[in-house]
Amino acid sequence: MASFKGSSSEAMRSMSLQKRRQIEQEELMIKKKKMEEETNKISTIDNKFKAHYDAVEQLLRTDTIGLVTLEDMKKKREMIILQREQQLARERKVLLMEEMERKEKKERQKNQIQKLSFAEELDDGEEEEDEDKIKQKESSDESCQLAEAKCTFKKRFGKNPTVDTSFLPDREREEEENALRERLRQEWVEKQEQLKNEEIEIDYSYWDGSGHRRSIRLKKGNTIQQFLHKCLEQLRAENQFAELKVTSVDQLMYVKEDIILPHHYTFYDLIVAKARGKSGPLFLFNCREDVRLQNDATIEKEESHAGKVILRSWYERNKHIFPASRWEVYDPEKKWDRPYTIRDTGLKYY
Numbered sequence: 001m002a003s004f005k006g007s008s009s010e011a012m013r014s015m016s017l018q019k020r021r022q023i024e025q026e027e028l029m030i031k032k033k034k035m036e037e038e039t040n041k042i043s044t045i046d047n048k049f050k051a052h053y054d055a056v057e058q059l060l061r062t063d064t065i066g067l068v069t070l071e072d073m074k075k076k077r078e079m080i081i082l083q084r085e086q087q088l089a090r091e092r093k094v095l096l097m098e099e100m101e102r103k104e105k106k107e108r109q110k111n112q113i114q115k116l117s118f119a120e121e122l123d124d125g126e127e128e129e130d131e132d133k134i135k136q137k138e139s140s141d142e143s144c145q146l147a148e149a150k151c152t153f154k155k156r157f158g159k160n161p162t163v164d165t166s167f168l169p170d171r172e173r174e175e176e177e178n179a180l181r182e183r184l185r186q187e188w189v190e191k192q193e194q195l196k197n198e199e200i201e202i203d204y205s206y207w208d209g210s211g212h213r214r215s216i217r218l219k220k221g222n223t224i225q226q227f228l229h230k231c232l233e234q235l236r237a238e239n240q241f242a243e244l245k246v247t248s249v250d251q252l253m254y255v256k257e258d259i260i261l262p263h264h265y266t267f268y269d270l271i272v273a274k275a276r277g278k279s280g281p282l283f284l285f286n287c288r289e290d291v292r293l294q295n296d297a298t299i300e301k302e303e304s305h306a307g308k309v310i311l312r313s314w315y316e317r318n319k320h321i322f323p324a325s326r327w328e329v330y331d332p333e334k335k336w337d338r339p340y341t342i343r344d345t346g347l348k349y350y
């Protein structure tokens with residue numbers, strides 16, 4: 001090692017500087033270790049939070065189907081986070097209970113070993129008595145431990161029965177409500193299917209400038225197109241109308257109460273909506289007259305006119321004259337309030 005050449009004061013000064021540098025380096029290393037430990041703690045916390053966040057996002061993706069509004073998405077996220085926190089709390093509680101059981105089991109084993117070692121020094125007769133006492137004591141210890149566990153379990157905080165907690169999230173109540181909604185929905189669907197399968201008799205008139213009255217039976221769930229197809233088959237079988245031999249269903253129209261009904265509507269739709277036309281209701285299909293001795297303006301007439309089955313070509317030729325000039329395409333948003341009109345002059349009846 002090279003010796004320092006100079007005065008003694010300078011040598012002392014250099015030694016003090018070296019010691020100060022060494023102390024500063026040690027302090028720097030200690031600070032560095034502390035910073036590394038803190039960063040490791042933060043990383044572990046971040047990993048835990050990330051795992052929790054990933055689990056919540058995965059549940060949110062699996063539970064969300066289709067387009068959802070932002071408000072519903074926020075509510076669902078809050079519900080999933082709450083369920084996730086409850087699940088983690090339950091898991092922690094189970095782990096604590098298992099750890100307590102392991103400790104108690106170890107203590108019981110130690111006590112048994114001590115009792116058995118002491119029992120070996122006794123006589124044969126005393127050994128049997130001691131074994132009975134040990135069993136009784138173990139059973140009493142186990143019962144005491146169970147009672148303590150029950151007491152500790154009962155001591156946890158719960159909902160106050162005197163306070164209204166209906167606004168708080170309740171998993172069991174929500175499951176019951178969802179089950180009730182699903183049951184009511186299935187009952188409603190079954191009831192609607194029964195209504196659609198019911199048969200009705202429909203009076204119609206093939207219109208070519210004059211009326212030819214007929215009637216046919218079909219289900220309420222049938223569409224206007226299916227109805228026109230059956231009417232076409234019935235009229236063709238009579239061999240009275242030559243123009244219908246080369247006619248398809250798309251070339252036919254169904255007009256009821258001065259309203260042109262599109263092919264895709266069903267009779268069930270008209271009945272449920274209580275649809276109305278210009279000259280009468282669209283949900284009554286049997287032709288009948290409402291005969292009264294006195295007219296009452298507060299009571300709706302139950303008179304229903306037979307719907308007209310016509311060729312589209314006939315309508316195009318005659319749509320500028322009565323009665324085709326009154327016909328309009330059915331619009332469910334448009335309301336035809338009473339009184340009904342039956343003539344182009346605007347004559348009204350009740």
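First residue of the sequence shown: 1, per full-length UniProt numbering; consecutive thereafter. Every residue gets a Cβ at the ideal spot worked out from N, C-alpha and C, and that includes glycine.
*According to DSSP, which residues form a beta bridge with TRP207?*
Paired residues: GLY211.
*Rounded straight-line distance, which links the Cα of GLN192 to that of ASP164*: 39 Å
_As a quick exercise: from GLU104, ASN178, GLU238, HIS229, pick the residue whose alpha carbon is nearest that of LEU218._
HIS229
*State the beta-bridge partners of GLU201 as determined by DSSP.*
ARG217
*Whole-angstrom Cβ separation of SER210 and GLU201, contact assumed at under 8 Å?*
That belief does not hold up - the Cβ atoms of SER210 and GLU201 are roughly 23 Å apart, past 8 Å.
*Pick out whichever of GLU36, LEU184, LYS196 has its Cα sitting closest to the Cα of VAL272.*
With distances taken between Cα atoms, VAL272 lies closest to LYS196.
*Can you name the start and end residues of the alpha helix (DSSP H) that VAL272 belongs to?*
267 to 273
*Which class does THR223 belong to by DSSP, given the choice of helix, strand or coil?*
strand
*Residue nearest to PRO169 in terms of C-alpha spacing, selected from LEU95, GLU78, ASN111, GLN186*: GLU78
*Could you work out which residue in LEU311, HIS305, HIS264 is closest to ARG279 when comparing CA atoms only?*
For the sequence presented, residue 279 should be read as Ser rather than Arg. Measuring from the Cα of SER279, the nearest candidate turns out to be HIS305.
*How about ASP258 and ARG326: do their beta carbons lie closer than 7 Å?*
Against a cut-off of 7 Å, the Cβ pair of ARG326 and ASP258 comes out as a contact.
*How would you label LEU88, buried or exposed, when you count the other beta carbons within 10 angstroms and need 16 or more for buried?*
It is exposed - the Cβ of LEU88 has fewer than 16 other Cβ atoms within 10 Å.
*Neighbourhood of LYS19 by C-beta, 7 Å cutoff - its chain only, sequence neighbours within 5 removed*: For LYS19, where only same-chain residues beyond five positions count, there are no Cβ hits under 7 Å.
*Range of the contiguous beta strand (DSSP E) that encloses TYR254*: 252 to 256
*Are there 16 or more other CB atoms within 10 angstroms of the CB of ARG317, so buried, or fewer, so exposed?*
exposed
*Can you tell me which of the three DSSP states LEU284 falls into?*
coil
*GLU93 to LYS34, Cα distance in whole Å?*
The question names Glu, but residue 93 is Lys in the sequence shown. If you take the alpha carbons of LYS93 and LYS34, they lie about 33 Å apart.
*Exposed unless 16 or more other CB atoms sit within 10 angstroms - verdict on PRO281*: buried
*According to the Cβ coordinates, are ASN286 and ASP208 closer than 7 Å?*
no
*Taking DSSP as the reference, what is the three-state secondary structure of LYS308?*
strand
_Collapsed DSSP secondary structure at GLU333 in the structure displayed_ = coil
*Could you check what DSSP says for LEU261 in three-state terms: helix, strand or coil?*
strand
_C-alpha distance - LEU261 paired with LYS74, whole-angstrom precision_ = 44 Å
*With C-beta atoms as the reference, is VAL329 less than 7 Å away from TYR206?*
no
*Based on the DSSP output, what are the partners of GLU328 in its beta bridges?*
Answer is ILE259.
*Would you say residue 384 and HIS263 are within 7 Å of each other, going by their C-beta atoms?*
Since the first residue shown for the chain is 1 and the last is 350, residue 384 is missing from the structure and cannot be characterised.
*Measure the C-alpha to C-alpha separation of PRO161 and GLU71 and round it to an integer number of angstroms.*
31 Å
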